[in-house]
Amino acid sequence: IESRLGGNLPLFFPTIDKFSRGIATSIKSINLNARTYQNMSRLQGQLNKHVDAVARFAGGSGGGQTIRNSEIVARELIVAVPEGSLNAANTAVLNAARARASEMGVTMRWVTVK
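When the sequence shown is numbered by the working numbering, its final residue is 117 and no position is left out of the sequence of numbers.
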């Protein structure tokens, strides 16, 4: 998923998957069809965990690449969800997570994938 959505960092780079023009991006996939995520509290908790990690990211090193905190101008979280899995309940949770992310200086968006 990461490479399909533009990931350009080494596989085991901490927290983020893409760094371009100062934007530190974490790409996460969540299977909204999974039983676990039929529970909206669990979905919210998982999204909050991902948002928190991106908000706290202050640089790192891995696979011969280093990103310094001073190089980061913005933080982003992309959540990949299965095509056809969105419904009113999980969309409301995603919107709430996006609002919380914004308050923490993280731009969050979701994309559907096959």
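Ideal Cβ placement from N, Cα and C applies to all residues, glycine included.
Leaving out the 5 sequence neighbours to the left and right, which residues in its chain are closer than 8 Å to Thr110 when beta-carbon positions are compared?
-> Ala77, Arg78, Glu79, Leu80 and Ala104
Secondary structure at Thr18, three-state DSSP: helix, strand or coil?
-> coil
Local conformation of Val116 per DSSP, three classes | Three-state result, Val116: strand.
Which full runs of the alpha helix (DSSP H) of 4+ residues lie inside the segment 34 to 80, going along the chain?
-> 43 to 59
State the DSSP-derived secondary structure class of Ser6, mapped to helix, strand or coil.
-> Ser6: coil per DSSP, three-state reduction.
Nonlocal neighbours in the same chain, by C-beta distance under 7 Å from Gly9, ignoring five residues either side | These residues qualify, in order along the chain: Lys21.
Indicate whether the contact test is met: 3 or more Cβ pairs, each with one atom in the segment 80 to 95 and one in the segment 27 to 35, closer than 8 Å.
-> yes
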